[in-house]
DNA sequence: GTGAAAGCGCTAACAC
DNA sequence: GTGTTAGCGCTTTCAC
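Okay, here's the thing in structure tokens:
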């Protein structure tokens, strides 16, 4: 029937439907559907005939039709903060974290025949609830990937739970029992980094923290303090300066730390951008790195590798985290890893901390 | 009717359909559809009643249903090279270009009520055709955003044209008449940069080119040579070295250019990563930048701003380009700019070329 | 093992 | 101006 109606159409515009396949294979559409969805009770001969028809017609099921009729939409949505995005737009910089995250999600989605939808969410807006609800209703994604800071937004979690849509929270730090999570141990990583510096003989170590409002930022600072205490080293309060994760704030922090008469021999910044700012401040003051000052960061952004000297930092496996998170949302969860365990990280040692004291 | 069937359901799981809205407003579903799609012939009173019903039911049309029934899917697909993506995964780096591109696309999509789907395409694979065809058939996107190197792949263009799906090619350099394009004038930008160096008094200028296989790379080199010629300066062939756009290749190129007895006073690298490599090579040789050597790049990646010294470079408005490209695909094309014209760029002057000769 | 028929929630002709 | 009626291309009961 479908074929009949289409006699006048061009080959280009013509797209086979399940009816065409069924007709060509001499079976019912239900059988085609069963073969395609690996349903039970399919005889080998039927399977073969259907596959041949699919092949010769180069048939692909329509996503919309499947989503409308069935329970699955074959869509995974990644919720990305709109404010953050606009800020990046303004500053003309891509977001390395999001970019790496997306790779992981994309690769897993594709393996499973799913598609990745990226959605902007207004974390700071009053209409957040309405827009999230809207997204879930109109798109009906099979799962949602929550990126910071949405991972910790109770409003978003509420709606997702109400709606019954599975979701994974990346880097979430609060309400640990809600939804699924994939995260790393920021505190322990900061301990490792601090011990790396102590191992190099450093005793006066400066710390440039991130904003106190970020849970990850607090965890890193706690790790630093814990490591210092464990080694019997006192933390001079004057050696802890708060930045806001930007290069400029790192430069200012570095400048003030290095201007002190009894300046530190090493500075641990809570992220790479700030660490690069410290490097810049040191250069401006004529202090050679690493000979005169060891500097380390956190994140392992591309710039960390390219700076002069290259930066020792903590490498977060963002892509792998996103891949694991996506797998958690996909049917037939392999459960290759325990979602309640933090993912691993690595201390990447580069030139910026290579000199001892 | 729909309401009736749902008496047993919980409020949470219950989702209003167009029938519910029509029933509540006391109109037909067609009227609801007309109001929602801004169709003609809607009386103000009808409009008001429908809007009120939509509001009170918090109704959102189902994307799948609309796509299945109508001509539009409200989906824009961005085709991203899979190989490139996997390479980035391996190296653990995000892709700044893609990230910025996506922002632009996302913001425009959201304004128009569209959704952005990111799809991996195997540029280098034999199954490329099949997978692209698959994507178009199952997703039926209303438009496709082609990113390099897919922008220049004739196989992809063929399929898109056959399928009748509108597409925009970002940064395309070949087959200029096919599809829509958004691009910049790489050659002129390279001329500008070269003249910037000449204006600083530099006469012996080294050039680190990208791979000759990239059209953009060739255009940049041509621009450099044209500018030199225009100013009556001879280009010493020994001062042109080919790299492969990586940091390491830039470092090697810088090392060999600077080892020569009559070394250049300035080096223009075809992209920022290589320029940073040159900076690194200069530092290793004890040559101060910018005092002893001016260095400039191309792209304005985040690292360019963070390096020591910060890098003079060409800023490509990737986000704006993507936004413009997306607008071209959306209904009601505003045509705010002429797609046959290249987009603007900016020479960003930073410390790395601040000293004259 | 396989098929017939009834929707999923919309849009689109075509009446009125 | 507004409503009726078919589908869009699938999945899903439920028979056989």
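Protein chains in written order, with my numbering: chain Y, 1 to 357; chain Z, 358 to 714.
From the three backbone atoms N, C-alpha and C, an ideal C-beta is built for every residue, glycine too.
Per DSSP, cross-strand counterpart(s) of residue i
i	result
residue 299 of chain Y	Y/315
residue 563 of chain Z	Z/624
residue 257 of chain Y	DSSP lists no partner for residue 257 of chain Y.
Per-residue burial, residue i [other beta carbons within 10 Å of its own, 16 or more giving buried]
i	result
residue 534 of chain Z	exposed
residue 40 of chain Y	exposed
residue 231 of chain Y	exposed
residue 391 of chain Y	A question about residue 391 of chain Y goes unanswered here, because the residues of chain Y that appear run from 1 up to 357.
residue 317 of chain Z	Nothing in the structure corresponds to residue 317 of chain Z, since chain Z is present only between 358 and 714.
residue 149 of chain Y	buried
residue 679 of chain Z	buried
residue 102 of chain Y	buried
residue 56 of chain Y	exposed
residue 377 of chain Z	buried
residue 43 of chain Y	exposed
residue 373 of chain Z	buried
residue 605 of chain Z	exposed
residue 152 of chain Y	buried
residue 96 of chain Y	buried
residue 278 of chain Y	buried
residue 569 of chain Z	exposed
residue 580 of chain Z	buried
Neighbour flag for residue i against chain Y, beta carbons, 8 Å
i	result
residue 442 of chain Z	yes
residue 477 of chain Z	yes
residue 480 of chain Z	no
residue 436 of chain Z	no
residue 633 of chain Z	yes
residue 460 of chain Z	yes
residue 429 of chain Z	no
residue 453 of chain Z	yes
residue 425 of chain Z	yes
Within 8 Å, strictly: CB atoms of residue i and residue j
i	j	result
residue 105 of chain Y	residue 145 of chain Y	yes
residue 712 of chain Z	residue 651 of chain Z	yes
residue 276 of chain Y	residue 307 of chain Y	yes
residue 563 of chain Z	residue 577 of chain Z	no
residue 439 of chain Z	residue 480 of chain Z	yes
residue 710 of chain Z	residue 653 of chain Z	yes
residue 77 of chain Y	residue 117 of chain Y	yes
residue 442 of chain Z	residue 477 of chain Z	yes
residue 160 of chain Y	residue 114 of chain Y	no
residue 625 of chain Z	residue 551 of chain Z	yes
residue 561 of chain Z	residue 527 of chain Z	no
residue 669 of chain Z	residue 608 of chain Z	no
residue 147 of chain Y	residue 80 of chain Y	yes
residue 418 of chain Z	residue 138 of chain Y	yes
residue 163 of chain Y	residue 197 of chain Y	no
residue 300 of chain Y	residue 287 of chain Y	no
residue 410 of chain Z	residue 381 of chain Z	yes
Any C-beta of chain Z under 8 Å from that of residue i
i	result
residue 173 of chain Y	no
residue 192 of chain Y	no
residue 56 of chain Y	no
residue 302 of chain Y	yes
residue 283 of chain Y	yes
residue 319 of chain Y	yes
residue 65 of chain Y	yes
residue 115 of chain Y	yes
residue 166 of chain Y	no
residue 347 of chain Y	no
residue 19 of chain Y	no
residue 297 of chain Y	no
residue 279 of chain Y	yes
residue 395 of chain Y	Nothing about residue 395 of chain Y can be read from this structure; chain Y reaches only from 1 to 357.
residue 6 of chain Y	Any reading at residue 6 of chain Y must be qualified, since the residue scores a pLDDT of 41, below 50, and its modelled position is unreliable; no value is offered.
residue 139 of chain Y	yes
residue 247 of chain Y	yes
residue 306 of chain Y	yes
residue 350 of chain Y	no
*Take every Cβ of the segment 426 to 435 of chain Z, pair it with every Cβ of the segment 376 to 392 of chain Z, and state whether three or more of those distances are shorter than 8 Å.*
no
*Counting Cβ pairs closer than 8 Å, one from the segment 621 to 632 of chain Z and one from the segment 655 to 672 of chain Z, do we hit at least three?*
yes
*Does the pairing of the segment 186 to 197 of chain Y with the segment 337 to 347 of chain Y give three or more beta-carbon distances under 8 Å?*
yes
*May I ask you to verify whether the segment 508 to 520 of chain Z touches the segment 477 to 496 of chain Z, counting CB pairs closer than 8 Å and requiring at least 3?*
yes
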